[in-house]
Amino acid sequence: MSWLHQRVFPGIIALWAVAVPVTAQSTFDIYWVDVEGGAATLAVAPDGQSMLIDTGFPGPDDRDAMRIKAALDEAGLSRIDHLVITHYHTDHVGGLEALAEMVPIGHCYDHNTITESENQRWVDAYLRVCGDKRTEVHAGDRIPFGAVTVDVVASNGDLIDTPINGGTANPRCVTAERKEQASPENQRSVGVLFSYGRFTFLDLGDFNWAKEIELACPVNLVGEVTLYQTSRHAAFDDAGAPTHLYAIKPQVVVVNNGPRKGLGGTSPGFDEVMTRHYRRIVASPDLEDVWQGHRSLFAPGAVDNAADERIANFEESDTCEGHWLRASVTAGGDFEMFNSRNGHGRDYTAR
Numbered sequence: 030m031s032w033l034h035q036r037v038f039p040g041i042i043a044l045w046a047v048a049v050p051v052t053a054q055s056t057f058d059i060y061w062v063d064v065e066g067g068a069a070t071l072a073v074a075p076d077g078q079s080m081l082i083d084t085g086f087p088g089p090d091d092r093d094a095m096r097i098k099a100a101l102d103e104a105g106l107s108r109i110d111h112l113v114i115t116h117y118h119t120d121h122v123g124g125l126e127a128l129a130e131m132v133p134i135g136h137c138y139d140h141n142t143i144t145e146s147e148n149q150r151w152v153d154a155y156l157r158v159c160g161d162k163r164t165e166v167h168a169g170d171r172i173p174f175g176a177v178t179v180d181v182v183a184s185n186g187d188l189i190d191t192p193i194n195g196g197t198a199n200p201r202c203v204t205a206e207r208k209e210q211a212s213p214e215n216q217r218s219v220g221v222l223f224s225y226g227r228f229t230f231l232d233l234g235d236f237n238w239a240k241e242i243e244l245a246c247p248v249n250l251v252g253e254v255t256l257y258q259t260s261r262h263a264a265f266d267d268a269g270a271p272t273h274l275y276a277i278k279p280q281v282v283v284v285n286n287g288p289r290k291g292l293g294g295t296s297p298g299f300d301e302v303m304t305r306h307y308r309r310i311v312a313s314p315d316l317e318d319v320w321q322g323h324r325s326l327f328a329p330g331a332v333d334n335a336a337d338e339r340i341a342n343f344e345e346s347d348t349c350e351g352h353w354l355r356a357s358v359t360a361g362g363d364f365e366m367f368n369s370r371n372g373h374g375r376d377y378t379a380r
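In the numbering used here, the protein residues as written are 30 to 380.
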């Protein structure tokens with residue numbers, strides 16, 4: 030079986046065929062693979078197509094590649110049809126070469142191959158795997174993924190210029206705190222919005238505070254979302270701008286942190302509610318739940334973490350078993366979050 034990837038430029042439509050063997054399933058599934066504060070998010074469309082966003086860290090034991098392979102096995106998959114690399118930092122692309130030795134990888138998508146010298150080794154590694162099967166995506170592009178719509182809302186520092194998903198003017202912008210742009214490569218992150226019926230899932234890679242404000246002001250360009258994967262692993266000293274977070278009003282938040290990376294610590298200058306990173310998340314309007322890859326060992330108390338049953342891992346990295354989280358979404362908008370550590374699940378209905 031094959032599908033046709035369609036990319037629209039002004040006045041030009043380019044098409045090419047990519048072989049995609051698929052196995053039908055009944056739900057749209059999303060797995061958050063534990064890569065210890067990196068990123069590796071596996072999406073499986075109802076027709077069985079797979080899309081992996083980022084590949085975690087490198088390592089002598091290929092830990093993250095093996096954990097991604099285990100998630101593929103759990104999902105009954107033997108290949109990755111689409112690979113999106115949000116940006117060229119170690120924790121997002123480092124596991125790619127080892128992974129490519131374990132499973133076939135179809136087509137690759139990136140913001141382009143321009144970066145700072147300190148990231149060049151990861152561009153080179155990416156090109157060794159994806160050089161002749163890659164596409165540079167731009168804000169406003171759409172990646173075909175069966176019944177699931179995948180809108181590219183950001184790439185290479187550019188954002189969509191027309192609101193989608195019901196995005197409107199954001200009154201919080203009047204009093205928004207502004208910060209300087211941080212890491213240039215974080216700013217280039219490919220950001221995607223998945224839509225499946227009423228259900229929406231937003232992944233912005235490592236967007237920092239200033240980039241979040243750009244996306245949210247003066248208009249919230251991505252509207253309100255059902256599920257949000259925290260930017261920068263919920264290291265909210267330079268991400269998690271309330272002006273953005275409270276405009277997108279996530280129903281459920283997934284934090285892809287590590288035991289000592291991401292969620293935790295303080296953000297000087299905030300009031301008591303906002304100081305702790307987790308407390309800033311739970312202050313989001315209409316939030317129902319937070320799920321975490323790890324308990325934060327920066328701030329291990331109950332008030333700074335999700336409930337134990339919604340945390341996949343508790344240990345330091347060297348003793349961690351690498352449990353995953355999963356969302357399973359029906360066409361009607363009902364979805365279940367599931368924790369592989371303890372079998373705990375909870376049902377939700379997308380607003």
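For each residue, glycine too, the CB sits at the ideal point set by N, CA and C.
Round the Cβ separation of residue i and residue j to the nearest angstrom and send it over; I've been treating them as touching at under 8 Å.
i    : j    : result
D333 : S346 : With 8 Å as the limit, D333 and S346 do not qualify as a contact, their Cβ atoms being about 19 Å apart.
R321 : A335 : First, the residue type needs correcting, since residue 321 is Gln and not Arg in the sequence shown. That belief holds up - the Cβ atoms of Q321 and A335 are roughly 5 Å apart, short of 8 Å.
G234 : N194 : Not confirmed; about 18 Å, so no contact.
A154 : E130 : So it is not a contact: roughly 12 Å between Cβ atoms.
G291 : A264 : 5 Å
L256 : A356 : 6 Å
V122 : V179 : Not a contact, Cβ separation roughly 19 Å.
Kindly indicate which three-state DSSP category residue i falls into: helix, strand or coil?
i    : result
Y275 : helix
Q321 : strand
S388 : Residue 388 cannot be examined here, being either before or after the span of the chain that is shown, 30 to 380.
E126 : helix
V113 : strand
H262 : helix
T70  : strand
N199 : coil
N368 : strand
C137 : strand
L222 : strand
R108 : coil
L382 : Outside the displayed span of the chain (30 to 380) sits residue 382, for which this structure offers no information.
T119 : helix
A249 : In the sequence as presented, Ala is not what sits at residue 249; that position holds Asn. In the structure shown, N249 sits in coil (DSSP, three-state: anything other than H, G, I, E or B).
A176 : strand
R227 : coil
I82  : strand
T348 : helix
V132 : coil
V281 : strand
E145 : coil
D267 : coil
Give every residue of the same chain whose Cβ lies closer than 6 Å to the Cβ of residue i, excluding the five residues on either side of it in the sequence, and list them in chain order.
i    : result
R227 : G362 and A379
D120 : G67 and F86
G186 : Q216 and R217
I189 : A168, G169, V182 and L250
D93  : V64, G85, F86 and G124
T208 : In the sequence as presented, Thr is not what sits at residue 208; that position holds Lys. For K208, where only same-chain residues beyond five positions count, the Cβ hits under 6 Å are W238 and A239.
S164 : Residue 164 is actually Thr in this sequence, not Ser. Cβ within range, chain order: Y138.
Hey, how far is the Cα of residue i from the Cα of residue j?
i    : j    : result
D337 : R370 : 11 Å
A239 : N141 : 21 Å
E65  : I143 : 27 Å
C246 : C202 : 6 Å
V219 : I114 : 7 Å
V319 : V284 : 7 Å
V79  : I109 : The question names Val, yet the displayed sequence has Ser at residue 79. When rounded, the distance between both Cα atoms is 6 Å.
V182 : H262 : 19 Å
D170 : H273 : 22 Å
W61  : A341 : 10 Å
M366 : L156 : 35 Å
I59  : A205 : 32 Å
P314 : G374 : 23 Å
C349 : D102 : 20 Å
N368 : G293 : 21 Å
V302 : I310 : Because the pLDDT at V302 is just 43, under 50, the model does not fix this residue reliably, and the value given afterwards should be weighed accordingly. Between V302 and I310, the C-alpha separation is close to 10 Å.
Y138 : K278 : 28 Å
S107 : K98  : 9 Å
S212 : G105 : 37 Å
E344 : T229 : 31 Å
Can you give me the Cβ contacts of residue i inside the same chain, cut-off strictly under 8 Å, excluding the 5 residues immediately before and after it?
i    : result
G196 : V248, N249, L250, V251 and G252
V177 : F57, A72, A74, P75, F223, S224 and Y225
Q210 : Q216, N237, A239 and K240
P192 : V248, N249, L250, V251 and G252
Taking 7 Å as the limit between beta carbons, can you name the residues of its chain near residue i, skipping five residues before and five after?
i    : result
T359 : T56
G298 : Only weak support exists for where G298 lies, its pLDDT of 49 falling under 50; the value from the coordinates is given anyway. Excluding sequence neighbours, G298 sits near nothing in its chain.
E317 : Q280, V281 and Y377
N148 : Y117, H118 and E214
V158 : L125, E126, A129 and I134
A268 : F236, N237, W238, E241, S260 and R261
Y275 : R201, S313 and P314
In terms of DSSP beta bridges, what is residue i paired with?
i    : result
G77  : According to DSSP, G77 bridges with nothing at all.
S357 : D58 and E365
G287 : K290
I97  : DSSP, once it has assigned bridges, lists no residue as partnering I97.
I340 : Q321
D232 : V221 and Q258
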